[in-house]
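Comments concern the structure below.
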Amino acid sequence: MVDSVCSEENPMVFLDISFEDVQVGRIVIELYKNMAPKTAENFRALCTGEKGNGRHNKPLHYKGCKFHRIISQCFAQSGDIINNDGTNGESIYGETFEKDNCNLRHDQEGLVGMATVTNTNLVHSQFYITALPCTHLDGTNIVFGIVRKGLDIIKEMSTIETQNDHPLKDIVIVNCGQLKKGEPWNIHLVDETKDIYPPWPNDWDEGHDDSAIQKALTIIRESGNFYFMKRNYSNSLRKYLKVLRYIEWYLKSGKVCDKKFVESCKSRTLLNLAAVKLKDNNYKEALHYCNQCEFIDPDNGKLYYRRAQAKLGLRDIDEALEDLRKAHSLLPHDKSIKEFQKLAKSDKLNHLKREKEFFSKIFNN
Numbered sequence: 001m002v003d004s005v006c007s008e009e010n011p012m013v014f015l016d017i018s019f020e021d022v023q024v025g026r027i028v029i030e031l032y033k034n035m036a037p038k039t040a041e042n043f044r045a046l047c048t049g050e051k052g053n054g055r056h057n058k059p060l061h062y063k064g065c066k067f068h069r070i071i072s073q074c075f076a077q078s079g080d081i082i083n084n085d086g087t088n089g090e091s092i093y094g095e096t097f098e099k100d101n102c103n104l105r106h107d108q109e110g111l112v113g114m115a116t117v118t119n120t121n122l123v124h125s126q127f128y129i130t131a132l133p134c135t136h137l138d139g140t141n142i143v144f145g146i147v148r149k150g151l152d153i154i155k156e157m158s159t160i161e162t163q164n165d166h167p168l169k170d171i172v173i174v175n176c177g178q179l180k181k182g183e184p185w186n187i188h189l190v191d192e193t194k195d196i197y198p199p200w201p202n203d204w205d206e207g208h209d210d211s212a213i214q215k216a217l218t219i220i221r222e223s224g225n226f227y228f229m230k231r232n233y234s235n236s237l238r239k240y241l242k243v244l245r246y247i248e249w250y251l252k253s254g255k256v257c258d259k260k261f262v263e264s265c266k267s268r269t270l271l272n273l274a275a276v277k278l279k280d281n282n283y284k285e286a287l288h289y290c291n292q293c294e295f296i297d298p299d300n301g302k303l304y305y306r307r308a309q310a311k312l313g314l315r316d317i318d319e320a321l322e323d324l325r326k327a328h329s330l331l332p333h334d335k336s337i338k339e340f341q342k343l344a345k346s347d348k349l350n351h352l353k354r355e356k357e358f359f360s361k362i363f364n365n
């Protein structure tokens, strides 16, 4: 279906996406102007914002729109430019317009379609992108485009926890527009680091052998360290998660020659992630990353030190002291471990003292 519908004359647009204020990448979409001209033009103009304000005195522009609805492993929906919650929308032609007579099927991932107004043949600004084939939408909804780059962002969206199909994280179109013919798609996020790689490895076009992938992993992880040292923890988190995505992709490719390098990189990245979560006082997630690291590198002293910090934060003092004992045996000269042991033991004594006072009051009453 794709090969027969695609055309060099079709316009290309982009959506830059953030999860909880952390930019995750760019989705590039080809609009089927040759098959659904009116619908494609509506979406294109809503990406550029060129039409100004609409009848509700709100910008006819997708910039700032949330993905308000996610059906797990199916599709993600956005485009309510009026209320930003899925209850409204507006087209460039007025409140609504009748969709094009286009019968393309929802037979693959990455298809872009317009959500119809309930029990009508009308559409406005709300759209969805499929994460998998969604043939149940055939006949009622219209396909008018396809994702060319950034499909993994939609797949990641479809795994986010929801309540009544509403994501519990803010997923926002932070920027959008049209790409001119011959203009670079700028899939990679430009920042202060040497990381020139796209956020999602499936979008990496260049030929890449084992050494090129190892170089990419090293640079991406170092960019995370750069932001961590600057106390920019949201961007360091973004980079470290990117390393894990590349490692998973690399392992699935079957190209891995140096498994020792990959395991070392993954172990260090997991501990980096634990450090970020500790800075955010998110002890539960820090513990999760440390536990993952233990499967790969059980003789890593930093693992037990970081896990002890997480456990102490979760008030599991005895377990924290046990991890500190392991950390000290592996890194006997590490002063920070010794200092933290003193802190944990002091916390334990204070806890026992408070416990004793509590039970004393109970039994004396």
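Numbering-wise, the sequence shown is residues 1 to 365 according to the UniProt record's numbering.
We put the beta carbon where it would ideally sit given N, CA and C, even for glycine.
Residues bridged to residue 372 [DSSP beta-bridge criterion]
Shown here, the chain extends from 1 to 365; a query on residue 372 therefore has no answer.
Based on Cα-Cα distance, which residue from C134, N119, D299, G94 lies nearest to G113?
C134
If we ignore side chains and look at the alpha-carbon of each, how far apart do F340 and L331 end up?
One C-alpha to the other measures close to 13 angstroms.
Assuming M157 contacts A76 under a Cβ cut-off of 8 angstroms, what Cβ separation, rounded to an integer in Å, is found between them?
4 angstroms
T140 and G110: beta carbons closer than 8 angstroms?
In terms of Cβ geometry, T140 and G110 do not form a close pair [threshold 8 angstroms].
Can you say whether F295 is buried or exposed, counting buried as having 16 or more other CB atoms within 10 angstroms of its CB?
exposed
Going by beta-carbon coordinates alone, are E95 and H124 separated by less than 8 angstroms?
yes
Can you give me the start and stop residues for the beta strand (DSSP E) that E30 sits inside?
22–31 is the span of the beta strand (DSSP E), which, as asked, contains E30.
Name the DSSP bridge partner or partners of H166?
Q163
Cutting at 6 angstroms between CB atoms, please list the residues of its own chain near L151, excluding the five before and the five after it.
G110
Since I believe L314 is in contact with L270 (beta carbons under 8 angstroms), could you give me their beta-carbon distance rounded to a whole number of angstroms?
In fact, because the Cβ distance is near 18 angstroms, the residues do not count as touching under 8 angstroms.
Could you tell me the distance, in whole angstroms, from the CA atom of G79 to the CA atom of A216?
35 angstroms
In or out: A115 buried (at least 16 other Cβ within 10 Å) or exposed?
That one is buried.
Could you pull out every residue in the same chain whose Cβ sits closer than 6 angstroms to the Cβ of R307, ignoring the five residues on either side in sequence?
C290, D323
Alpha carbon to alpha carbon, what distance is there between V262 and R231?
26 angstroms
Distance CB(V24)-CB(M12) smaller than 8 angstroms
In this structure, the beta-carbon distance from V24 to M12 does not fall below 8 angstroms.
Taking contact to mean 3 or more Cβ pairs, one atom from each stretch, closer than 8 angstroms, check whether the region 52–66 and the region 158–175 are in contact.
The region 52–66 vs the region 158–175: in contact.
Taking the runs of the beta strand (DSSP E) that are 3 residues or longer, which of them lie wholly in the region 12–84?
12–19, 22–31, 67–71, 75–78
Residues near A327 in its chain [Cβ-Cβ closer than 7 angstroms; skip 5 each side]
G301, Y304, Y305, A308, I337
Report yes if the C-beta distance between K58 and I81 is below 8 angstroms; otherwise report no.
Yes, they are a contact pair.
Per DSSP, N101 forms a beta bridge with which residues?
According to DSSP, N101 bridges with nothing at all.
Between the C-alpha atoms of S223 and V276, what's the straight-line distance to the nearest angstrom?
Each residue's Cα considered, the two are about 14 angstroms apart.
Reduced DSSP secondary structure (H/G/I, E/B, other) of I171
Reduced to three states, the DSSP call for I171 is strand.
Could you tell me the distance, in whole angstroms, from the CA atom of I71 to the CA atom of D165?
6 angstroms
On the premise that K194 lies in contact with I219, defined as a C-beta separation below 8 angstroms, what is that separation, rounded to the nearest angstrom?
5 angstroms
Give me, in chain order, the residues of the same chain whose beta-carbon lies closer than 7 angstroms to that of S267; leave out the 5 immediate sequence neighbours on both sides.
C293, I296, D297, N300
Thinking just about the alpha-carbon of each residue, which of N202, N103, D85 is nearest to the one in V147?
N202
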